[in-house]
Amino acid sequence: MAKQGFRVMDSDLHVIEPRTLWELCKYVVAEIGDENLVLSTDWPHDDSRFPHSIDSFLALPHLSAETKRKVLWGNCARLYNLQPVSVESPGGN
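Following the numbering used here, the numbering of the sequence shown begins with 9 at its first residue and continues without gaps.
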């Protein structure tokens with residue numbers, strides 16, 4: 009890859025979480041736009057380094073509910089051309 013002009017980076021960089029990661033989200037959303045972001049986790053692996061990442065993301069007070077919906081679902085659905093489906097509970101409620 010390096011010979012094609014790409015810089016090879018340490019593979020552990022993707023698991024580093026700076027203390028201010030969640031606070032930086034508002035700046036990333038402002039710069040990139042909430043239509044261009046997705047959030048992924050290692051769920052359902054119980055040995056995740058960040059087992060509460062979704063809860064932490066949902067608790068961010070500076071992101072709107074619509075932005076959170078886009079990042080967690082809408083953008084991935086658009087990327088993979090997924091259509092929402094209706095789900096009924098077993099009791100029909």
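Think of the CB as a built atom: it goes at the ideal place given N, C-alpha and C, for glycine as much as any other residue.
> Assuming Val37 and Leu71 make a contact with CB atoms under 8 Å, what is their CB distance in whole Å?
Replying inline: 7 Å
> Taking C-alpha atoms, which residue in Glu96, Pro59, Leu68 lies nearest to Thr28?
Replying inline: Leu68
> Since Glu31 is in the alpha helix (DSSP H), which residue starts that stretch and which ends it?
Replying inline: 29-40
>> Once the 5 residues before and after Leu66 are set aside, which same chain residues still bring their CB inside 7 Å of it?
In response: Lys76
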